[in-house]
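Asks: In the working numbering, the protein residues as written are 1480 to 1832.
I am attaching a structure below and will ask some questions about it afterwards.
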């Protein structure tokens, strides 16, 4: 019995040591930030759900609002969503007011300017829908392609209808043109030309791995059934035929966790952790994590690390919980590897002691 007590104390101390070898520091307060992107080593562009685009300086923690011409509607879960910067160009995903109480997950592109960015739409999800739910939406760039996740707007089986965008992953060129090797032009004649994969519910994590150059995604299930997986051309993640281990909020069953013919996720969470943003870590600050997926959570307010080198035995560690509130976004500093988070009201940095 005494040996068991000593063993418990040892592991408690070890756990505490592992939990205290980093610090998380608040940089600046914001108003419900949603997406973030580095524009250089000292500055981040951040969206606020209400419609603001903000530059945050990491040198002096000051902020500056950039004006824009987007027709953003903050509506339920919607508003100004993700943002990504490359080669002096900015792309955003947002909830667009389409009139008659209908909205869509839309994507716009503009030349970066510190005073005002003039955006032009390059994608609008069809059809516009009267619903405050499940807009998605994250952006990722891989070479000349822009990937985006589009939520199914709470419409369930619409995610199985490839003649409509909601519930899909889209792939377009950076200027909005459509790649001629998208599934429609190969063997999916009934798919809309922008659609790359179908069958997702509310995907709020999307990222390019700097190691294998694949696109990875995280997705909200219903009552349980969150998952992390790979974006795969022409495939189907199964919503709402599959429930991914979850049930409807009423408690009724949806469908099996997975079955042949559908894309299988790498990791599932039942009960739900409300997955939000993801990244595949590459950096010096936490170099022992290189190649691992970092998953952020809204519900249990956690950062989770996944080693998915062996898909038959994925290793998951909870790095921290309930330190900064609900975590909406995550970015890795492109030079030093420090990790930046957006919570409901603030920007934070995680670094080693």
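C-beta: ideal position from N, C-alpha, C; glycine also.
1) Among the residues of its own chain, which have a CB less than 6 Å from the CB of residue 1512, if the five just before and after it don't count?
2) Just tell me which of 1595, 1563, 1544, 1616 has its CA closest to the CA of residue 1574.
3) For residue 1492, count neighbouring C-beta atoms within 10 Å of its own C-beta (all shown protein chains included) and say buried if the count is 16 or more, exposed if not.
4) Excluding the five sequence neighbours on either side, which residues of its own chain have a C-beta within less than 8 Å of the C-beta of residue 1715, listed in chain order?
5) Quick check on the burial criterion: 16 or more other C-beta atoms within 10 angstroms. Buried or exposed for residue 1780?
6) Please state if the CB of residue 1657 and the CB of residue 1631 are separated by a distance shorter than 9 Å.
7) Considering residue 1764, what are the terminal residues of the beta strand (DSSP E) in which it resides?
8) Using the Cα positions of residue 1734 and residue 1704, report the straight-line distance between them to the nearest angstrom.
9) Taking residue 1696 as part of the beta strand (DSSP E), name the residues at either end of that continuous run.
10) Looking at the structure shown, is residue 1638 part of a helix, part of a strand, or coil, going by DSSP?
11) Using the rule of at least 16 other Cβ atoms within 10 Å of the residue's Cβ for burial, across every protein chain shown, is residue 1813 buried or exposed?
12) Tell me, please, which residues DSSP counts as bridged to residue 1722.
13) Leaving out five residues on either side along the sequence, give the residues of the same chain with a beta carbon under 7 Å from the beta carbon of residue 1567.
14) May I ask you to report which of helix, strand or coil DSSP gives residue 1606?
15) Compute the distance between the beta-carbons of residue 1559 and residue 1586, then report whether it is under 9 Å.
Replies: Reading it off the structure:
1) In the chain shown, residue 1512 corresponds to position 33, counting from 1. When the five nearest sequence neighbours on each side are left out, the beta carbons in the same chain lying within less than 6 Å of the beta carbon of residue 1512 are those of 1525, 1527, 1821, in order along the chain.
2) Here residue 1574 is taken as the residue at index 95 of the chain shown, counted from 1. For residue 1574, the closest C-alpha among the options 1595, 1563, 1544, 1616 is that of 1616.
3) For this step, residue 1492 is matched to residue 13 along the chain shown. Only weak support exists for where residue 1492 lies, its pLDDT of 36 falling under 50; the coordinates are left without a value.
4) Taking the first residue of the chain shown as position 1, residue 1715 is located at position 236. Taken in chain order, the residues that qualify are 1639, 1676, 1677, 1678, 1740, 1741, 1742.
5) Here residue 1780 refers to the residue found at position 301 of the chain shown. Residue 1780 is buried by the Cβ-count criterion.
6) The count along the chain shown starts at 1 and reaches residue 1631 at position 152. The count along the chain shown starts at 1 and reaches residue 1657 at position 178. For residue 1631 and residue 1657, no; Cβs fall outside 9 Å.
7) Indexing the chain shown from 1 puts residue 1764 at position 285. Premise fails: residue 1764 is in no beta strand (DSSP E) and is neither H nor E.
8) Indexing the chain shown from 1 puts residue 1734 at position 255. Indexing the chain shown from 1 puts residue 1704 at position 225. Straight-line spacing of the CA atoms in residue 1734 and residue 1704 works out to 11 Å.
9) For the purposes of this step, residue 1696 is taken as the residue at position 217 of the chain shown. Looking at the DSSP string, the run of the beta strand (DSSP E) that includes residue 1696 is 1694 to 1699.
10) Walking along the chain shown from the start, residue 1638 turns up at place 159. In the three-state reduction of the DSSP assignment, residue 1638 falls in the helix class, which pools H, G and I.
11) The residue you call residue 1813 lines up with position 334 of the chain shown. Label assigned to residue 1813: exposed.
12) Working through the chain shown from its first residue, we reach residue 1722 at position 243. Among the bridge pairs identified by DSSP, residue 1722 is matched with none.
13) On the chain shown, residue 1567 is found 88 positions in, with the first residue counted as 1. Shown here for residue 1567: same chain residues with a beta carbon closer than 7 Å to its own, the five before and five after excluded, namely 1590, 1591 in chain order.
14) Position 127 of the chain shown holds residue 1606. If DSSP states are grouped into helix, strand and coil, residue 1606 belongs with coil.
15) Mapped onto the chain shown, residue 1559 falls at position 80. Mapped onto the chain shown, residue 1586 falls at position 107. Between residue 1559 and residue 1586, the C-beta gap is not smaller than 9 Å, which leaves the two residues out of contact.
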